[in-house]
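With UniProt numbering, letter number 39 in the sequence shown gets 39, and the count goes up by one each step, no holes.
Below is one structure, written out as C-alpha cells; the observations come after it.
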Amino acid sequence: MFDNKQRTDINELGEFGLIDYLTKAVEIKELSTVKGIGDDAAVLDFSSKKTLISTDLLLEGIHFDLRYVPLKHLGYKAVQVNLSDIYAMNGIASQITFSIGLSSKFPVEAVEEIYQGVLIACEKFNVDLVGGDTSASAQGLVISVTSIGYADADKVVYRSGAKEGDLLCVSGDLGGAYVGLQLLEREKNIFIENPNIQPDLEGKDYIVERQLKPESRKDIVELFETYGIQPHAMIDVSDGLASEILHICKASKVGCKLYEDKIPIDPMTYETAREFGLDPTVCALNGGEDYELLFTVPQDQYDKVKNQLDISIIGYITEEAAGCEMISKSGHVHPIQAQGWNAFKQSSNDGSTA
Ligand code: ADP
Ligand code: MG
C-alpha cells in the first residue's frame with residue numbers, strides 16, 4: 001500500500017529522530033496540559049474535576065487489516081475509538097498518548113501517514129497529543145492509545161446507573177460499520193482473486209466511512225450539556241447494540257424492553273445488508289464499531305430527548321427479574337443475546353476459550 005512511494009528506512013532516523021520527526025507539528029492547546037511531549041512524563045492539571053482515563057490496544061490482523069485500511073484512516077480511527085470511551089463517561093477528552101510498535105516493513109513515510117490521521121483527529125476533537133512510546137515490533141503493526149479527559153464529579157455517567165422506568169436511548173444509527181466491513185471484505189477477496197478489478201464501492205460512501213472513519217460522539221456530550229440532559233447510565237456501542245444493552249443491564253441490575261422497529265438504521269445500511277442476505281436488525285444488534293452512545297434517562301427528561309434528531313428512544317428499563325427482551329416488528333418477544341463482534345472470536349474455532 002506504500003510500495004510506490006518514497007521509502008525512508010526508520011533506522012536512518014533512529015528512535016529519537018523518528019519521535020522528533022513525527023511530533024514536530026504537535027501544538028499544545030488544552031489549558032489542562034502543563035507539560036506535553038519531551039520529558040519523562042506529561043504533567044496535567046484538572047483542578048477540581050474528576051480525571052477519566054481509558055486505553056485501547058490495536059493489533060494488525062486482529063483489529064485491523066492493512067489490505068484495505070488506509071494508514072491515515074487507521075491513525076484517525078485509533079484515536080476516535082479511544083475518545084469514544086471518554087465521551088461514554090459524559091466527559092470531555094483533553095489529551096491522548098499514542099504508542100506504536102513497528103515491524104521492519106514500515107518506512108518512515110508509512111508512520112507519518114498514521115500520524116497525519118492522529119493529528120487530524122486531535123485537532124478536530126480538541127485534544128493534545130502529550131506522549132507515547134515507540135518501539136520495533138517483531139511482527140505486524142501495534143498501536144495503543146490512551147485517552148485522558150475530565151468531568152465534574154456529579155456529571156460522570158457510569159454503566160451502573162440505569163433505573164427502572166428509564167428511557168433507553170441511542171445516538172445516530174447502527175449497523176453501518178459492520179455492513180461497511182462486509183463490503184470491504186468482499187472487495188478485498190475479489191481483488192485477491194483478480195488484482196485487475198477495481199473495488200466497486202460506488203454509492204456506498206456512508207457505510208464505508210462508518211467502518212473506516214468513525215466519528216466519536218463528542219457532539220452528543222455537548223448536546224447533553226446544552227439541554228441539561230443528565231443520563232443515568234451510558235456506554236459506547238463498540239461491540240453491537242445487544243452486547244452494550246446487556247452491559248448496562250448487568251451493571252445496573254435491571255432488565256429492559258427494546259423495540260426492534262425503533263432501532264435506527266440508515267437506509268444504505270438497510271439495503272446493503274439485504275444485498276448481502278443479512279438481517280439489518282441483526283447487523284445493528286451484533287455488528288460492531290458504530291461508536292454511538294447508548295444511554296438511559298429518567299422519564300421526566302422525555303421532553304428534552306424526544307425532539308433531538310440524532311437521538312432515538314428505543315425502549316425502556318424494567319426490573320431485573322423481567323429480563324432483557326426485544327419486541328420484534330411482528331410483536332414476538334425475544335431474549336436479547338450478546339453475540340457482539342469481538343477479537344477473541346477469531347480464535348474461538350480452535351476450541352480454546354476466550
Ligand atoms: P522514555 O525513554 O522515557 O520512554 P522516550 O524517548 O520513549 O522516553 O520518549 C521521549 C518523549 O517522546 C516522551 O515525552 C514520550 O512521551 C514522547 N514519545 C515517544 N514516543 C512517542 C510517540 N509515538 N508519539 C508521541 N510521543 C511520543
Ligand atoms: Mg519510551
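Where is the CB? At the ideal position from N, CA and C, for every residue including glycine.
Everything numeric in this text was worked out from a predicted model, so none of it was measured.
### Query
Taking the beta strand (DSSP E) that residue 58 falls in, what are its first and last residues?
50 to 59
### Message
Let me confirm a value: residue 232 is counted as buried when at least 16 other C-beta atoms fall within 10 Å, else exposed. Which label applies?
### Response
buried
### Query
Taking three-plus beta-carbon pairs below 8 Å as touching, is the segment 168 to 176 in contact with the segment 303 to 319?
yes
### Query
Where does the unbroken alpha helix (DSSP H) through residue 281 begin, and where does it stop?
280 to 286
### Query
Would the beta-carbon of residue 325 fall within 7 Å of that of residue 257?
yes
### Task
Using the Cα positions of residue 90 and residue 84, report the straight-line distance between them to the nearest angstrom.
10 Å
#### Entry: Residue burial classification, residue 261 (beta-carbon count within 10 angstroms, cutoff 16)
exposed
### Message
If you follow the alpha helix (DSSP H) that residue 72 is in, where does it begin and where does it stop?
### Response
71 to 87
### Query
Where are the beta strand (DSSP E) runs, 3 residues long or more, that stay fully inside the segment 218 to 267, in chain order?
233 to 236 and 254 to 259
### Task
Check whether the segment 274 to 292 touches the segment 237 to 245, counting contact only when three or more Cβ pairs, one atom from each stretch, lie closer than 8 Å.
yes
### Query
Just the Cα atoms here: how many angstroms apart are residue 82 and residue 97?
10 Å
### Query
Quick one: does the C-beta of residue 98 sit closer than 6 Å to a heavy atom of ligand 1?
yes
### Query
Between residue 50 and residue 272, what straight-line distance do the alpha-carbon atoms span, to the nearest angstrom?
43 Å
### Query
Mind checking whether the beta-carbon of residue 56 lies closer than 6 Å to any heavy atom of ligand 1?
no
#### Entry: Nearest-angstrom Cα separation, counted from residue 162 out to residue 249
7 Å
### Query
Three-state secondary structure (DSSP) at residue 150?
strand
### Query
Can the beta-carbon of residue 32 be found closer than 7 Å to that of residue 94?
yes
### Query
Does the distance from the CB of residue 149 to the CB of residue 190 come in under 7 Å?
no
### Message
Against chain D, does residue 40 count as a neighbour if the rule is that its beta carbon must be under 7 Å from one of theirs?
### Response
Absent here is chain D; the protein component of the structure consists of one chain.
### Message
Is residue 303 close to ligand 1? I mean its beta-carbon at under 6 Å from any heavy atom of the ligand.
### Response
no
### Message
So the candidates are 214, 122, 207 and 70; which of them puts its Cα closest to the Cα of residue 283?
### Response
207
### Contact the segment 129 to 136 vs the segment 27 to 43: 3+ CB pairs below 8 Å
yes
### Task
Give the straight-line distance between the Cα atoms of residue 306 and residue 297, rounded to the nearest whole angstrom.
11 Å
### Message
Less than 7 Å between the beta carbons of residue 338 and residue 243, yes or no?
### Response
yes
### Query
For residue 331, which option in 159, 259 and 264 has the closest C-alpha, if you only look at C-alpha atoms?
259
### Beta-carbon proximity list for residue 165, same chain, < 6 Å, skipping 5 on both sides
299
### Task
Spatial neighbours of residue 183 within its chain, please: CB distance less than 7 Å, with the 5 preceding and 5 following residues excluded, ordered by chain position.
201, 204, 207, 208 and 272
### Task
Quick one: give me the first and last residue of the beta strand (DSSP E) that residue 129 is part of.
128 to 131
### Message
At the level of alpha carbons, what is the spacing between residue 321 and residue 254?
### Response
8 Å
### Alpha carbon of residue 65 to alpha carbon of residue 88, nearest angstrom
26 Å
### Query
Is residue 28 near ligand 1, in the sense that its beta carbon is under 6 Å from a heavy atom of that ligand?
no
### Message
Can you tell me where the beta strand (DSSP E) holding residue 333 begins and where it ends?
### Response
333 to 335
### Query
In whole angstroms, what is the alpha-carbon distance linking residue 11 and residue 62?
27 Å
### C-alpha distance - residue 138 paired with residue 225, whole-angstrom precision
46 Å
### Contact test: residue 131 Cβ vs ligand 1 heavy atom, cutoff 6 Å
yes
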